[in-house]
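Count the sequence shown with our numbering and you get residues 3 to 405, in order.
Each residue gets a CB set at the ideal place from its N, CA and C atoms; glycine is no exception.
The structure appears below as structure tokens.
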Amino acid sequence: MTVVTAPGGPRANARPFLYGDEITAIARALESGQYGHGAETEAFERELAAYLDVPDVVAVATGTAALHLALLSAGVAPGDEVIVPSLTFCASVQAILACGARPRFVDVDPATLCTTADDVRVALTPATRAVMPVLYGGRAIDLTGLREQLAAQDIAIVEDAAHAFGSYTGPRRVGAAGDLTCFSFDAIKALTCADGGAIVPRTAGEAAVLRRARALGITRSRADRGAALSYTVDGTGFRYHLSTLHAAIGRVQLAHFPEMETRRRRLWTIYAAALRDIENVTVVDLDVAHTVPFTCTVLVPAPLRDEVHTRLRAAEIAVGVHYPLNHLQPAFSRWASPLPRSEALWRQVLTLPFHPAMTENDVHTVATALRRTLRLAADNAPAGATAPNQDKGHRPHPKETSQ
Ligand SMILES: Cc1ncc(COP(=O)(O)O)c(C=O)c1O
């Protein structure tokens with residue numbers, strides 16, 4: 003096995019990980035002369051479906067395109083509301099707006115940074131048409147107890163599983179629970195196509211709608227292929243297909259994915275052990291036994307977070323903050339209402355460098371720097387700044403209350 007990207011260590015927050023044979027696959031795809039949607043794309047779809055143990059998968063150009071099409075196929079239209087956590091990448095929200103619908107932002111659980119069934123239940127209104135749980139860090143979300151109510155009200159669950167390819171929900175992979183599930187295969191995801199995405203449809207009819215919509219609304223029977231004079235536009239559509247070149251990368255990545263699962267679980271577990279005893283650090287739990295971790299996120303006291311972030315960045319430790327809250331973004335503020343838990347949490351979030359080429363030594367470098375920097379920041383902070391519950395509206399994590 004050859005890792006063809008430079009290791010990056012703690013200087014990268016996230017990075018693509020290549021196995022080496024992507025280069026041959028790309029060369030083969032280039033030589034084929036067919037670069038758009040093609041046989042590679044369809045083979046990738048079949049292999050994804052087999053891996054996830056689902057009847058079908060529809061490949062698309064990006065995770066954002068996957069969300070957009072999934073919402074449309076669930077019937078989301080102007081005037082509808084879609085429930086979504088504010089703590090997500092802005093792509094989740096843009097996909098809702100692209101349907102002409104409006105986001106209804108909800109809080110997340112501080113222990114997981116994921117939405118709970120209770121958060122969703124209280125946000126339901128007569129206008130709710132879909133719920134978009136975001137599987138933060140790759141962790142599956144349990145909406146047991148709410149599913150029947152949503153089904154009875156004809157409200158779809160469109161999972162934003164951009165982070166969660168390969169993770170489990172119960173005994174099956176995410177995507178196999180019967181919801182419309184959307185994955186991202188962008189550059190830094192556990193499975194990368196450079197750019198790409200996929201949707202697990204709920205029915206064969208939905209798969210056909212999605213395939214048409216990703217190809218500008220064009221329908222064409224297999225027999226028609228190559229007959230350039232004939233095509234029929236049967237509905238709304240976008241240029242959202244996954245190219246042969248991207249699919250070729252994805253197929254290689256999928257064949258190696260068991261190795262990726264092991265690498266990411268191991269890295270997260272090493273991190274959790276290295277961070278366990280650091281004062282003022284709470285590791286956001288990912289249920290690592292069932293998750294292919296996408297991030298290692300920690301919570302630190304809000305008054306120290308920005309200084310810790312700045313100092314670590316200056317020391318070339320690429321910490322990040324995922325994500326700036328969407329309801330506070332200028333473009334989305336007209337749909338905002340206060341979310342005290344998310345607002346308190348967001349000021350505590352730090353995402354640590356996390357990518358599969360990192361070594362155990364890299365993790366210890368990050369942990370040592372975090373410990374040292376937190377001490378420095380605490381020494382500079384006004385007395386009492388790191389006392390538990392300093393944030394109004396912050397629901398204390400068990401570790402904080404035990405200090
Ligand atoms: C939570 C979440 N949703 C959606 C997306 C969009 O995926 P893509 O970048 O493939 O469009 C991302 C990408 O990082 C994401 O993190």
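Give the DSSP-derived three-state secondary structure of residue i in the structure shown.
i	result
Val254	helix
Thr171	strand
Val176	coil
Met360	coil
Ile157	coil
Gly1	The question about residue 1 has no answer, for the chain in this structure spans 3 to 405.
Arg429	This structure cannot speak to residue 429, because the chain is shown only from 3 to 405.
Ala225	Confidence at Ala225 is low in this model, with a pLDDT of 49, below 50, so the placement of that residue should be treated as unreliable; the coordinate-derived value is given next. Three-state result, Ala225: helix.
Leu306	helix
Gly386	coil
Ala291	helix
Arg278	coil
Thr246	helix
Ile98	helix
Arg474	Only positions 3 to 405 of the chain appear in the structure, and residue 474 is not among them; the question remains open.
Ala125	helix
Ala217	strand
Thr284	strand
Gln379	According to the sequence displayed, residue 379 carries Ala and not Gln. Note: Ala379 maps to helix in three-state DSSP.
Ile190	coil
Thr114	coil
Ala1	The structure shown does not extend to residue 1, since the chain is modelled only from 3 through 405, so no value can be given for it.
Ala371	helix
Leu148	coil
Leu212	helix
Ser88	coil
Asp120	helix
Pro260	helix
Ala338	coil
Within this structure, are the beta carbons of residue i and residue j separated by less than 7 Å?
i	j	result
Ile159	Cys184	no
Val323	Val300	no
Ala250	Glu42	yes
Leu347	Pro105	no
Leu352	Val302	yes
Gly139	Phe296	yes
Asp181	Glu161	yes
Arg343	Asp109	yes
Ala304	Arg349	yes
Val59	Glu47	yes
Val310	Ser169	no
His248	Tyr21	no
Arg266	Pro358	yes
What residues are listed by DSSP as bridge partners for residue i?
i	result
Asp162	Val136 and Cys184
Gly322	Thr353
Glu83	Arg104 and Thr130
Cys298	Leu354
Arg241	Ala217
Ala235	Looking at the sequence itself, residue 235 is Val, so the reference to Ala does not match. Partner(s): Ile220.
Gly199	Val62 and Ser186
Three or more C-beta pairs closer than 8 Å, one from the stretch 328 to 338 and one from the stretch 364 to 384: is that the case here?
-> Taking one beta carbon from each stretch, the stretch 328 to 338 and the stretch 364 to 384 have fewer than 3 pairs nearer than 8 Å; the two do not touch.
Would you say the stretch 80 to 95 touches the stretch 128 to 146, given that touching needs at least three Cβ pairs under 8 Å?
-> The way I'd put it, the stretch 80 to 95 does touch the stretch 128 to 146; three or more beta-carbon pairs between them come closer than 8 Å.
If you pair each beta-carbon of the stretch 55 to 68 with each one of the stretch 231 to 246, do three or more pairs fall below 8 Å?
-> Yes: the two stretches touch, three or more of their Cβ pairs being nearer than 8 Å.
Please confirm if the stretch 145 to 157 is in contact with the stretch 114 to 132, defined as three or more CB-CB distances below 8 Å between the two stretches.
-> The stretch 145 to 157 vs the stretch 114 to 132: in contact.
Could you tell me whether the stretch 47 to 57 touches the stretch 163 to 178, using the rule of 3 or more Cβ pairs below 8 Å?
-> These segments touch.
What alpha helix (DSSP H) runs, 4 residues minimum, are completely inside the stretch 5 to 76?
-> Listed in chain order, they are 24 to 34, 41 to 54 and 65 to 75.
Please determine if the stretch 11 to 27 and the stretch 311 to 320 are in contact, where contact requires at least 3 C-beta pairs separated by less than 8 Å.
-> In short, these stretches touch, since the Cβ pair count reaches three.
Would you check if there are 3 or more beta carbon pairs closer than 8 Å linking the stretch 69 to 81 to the stretch 91 to 102?
-> Short answer: they touch.
Hey, is the stretch 22 to 41 in contact with the stretch 336 to 343, meaning 3+ C-beta pairs nearer than 8 Å?
-> A contact between stretches requires three or more CB pairs, one per stretch, nearer than 8 Å, and the stretch 22 to 41 fails this requirement with the stretch 336 to 343.
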